[in-house]
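S.K.:
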Amino acid sequence: MTARKRKRFIAGATCPKCGSMDKIMLYFENNVEKLECVQCGYTQSQADQKVSAETRQDENVIGVFKPE
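The sequence shown begins at 160 in the working numbering and counts up by one.
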């Protein structure tokens with residue numbers, strides 16, 4: 160059985176791709192915050208701050224995996 164994703168719409172948000180207002184929803188998938196426009200399908204994701212903090216300034220690294 161698949162876990163159900165809780166999705167919330169962001170009031171007043173405008174899609175950067177199609178410009179539609181109030182069509183952006185926010186949800187978490189695998190502990191990653193994601194935005195999706197239900198009008199045009201545009202998606203954007205943001206990594207956890209813990210992952211972002213591990214990146215180095217002079218490198219193009221998305222994140223560093225540190226198993227604990």
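Cβ atoms here follow ideal geometry from the backbone N, Cα and C, with glycine treated the same way.
Pull up the distance between the alpha-carbon of C177 and that of Q198, whole angstroms please.
M.R.: Counting from one through the sequence shown, the residue named residue 177 turns up at place 18. Counting from one through the sequence shown, the residue named residue 198 turns up at place 39. Approximately 8 Å, taken between the alpha carbons.
S.K.: Under 6 Å Cβ to Cβ from Y186, same chain only, skipping five residues before and after it: list those, please.
M.R.: Within the sequence shown, residue 186 is the residue found at index 27, counting from 1. Excluding residues within five positions, the ones whose Cβ falls inside 6 Å are K164, K166, K193.
S.K.: For a quick check, are the C-beta atoms of G171 and M184 less than 8 Å apart?
M.R.: Counted from its first residue, the sequence shown places residue 171 at position 12. Counted from its first residue, the sequence shown places residue 184 at position 25. Result no, Cβ atoms of G171 and M184 do not sit closer than 8 Å.
S.K.: To the nearest angstrom, report how far apart S204 and E195 are at their CA atoms.
M.R.: For the purposes of this step, residue 204 is identified with residue 45 of the sequence shown, where counting begins at 1. For the purposes of this step, residue 195 is identified with residue 36 of the sequence shown, where counting begins at 1. Rounded to whole angstroms, S204 to E195 spans 9 Å at the Cα level.
S.K.: Helix, strand or coil for C196 per DSSP?
M.R.: The residue you call residue 196 lines up with position 37 of the sequence shown. Reduced to three states, the DSSP call for C196 is strand.
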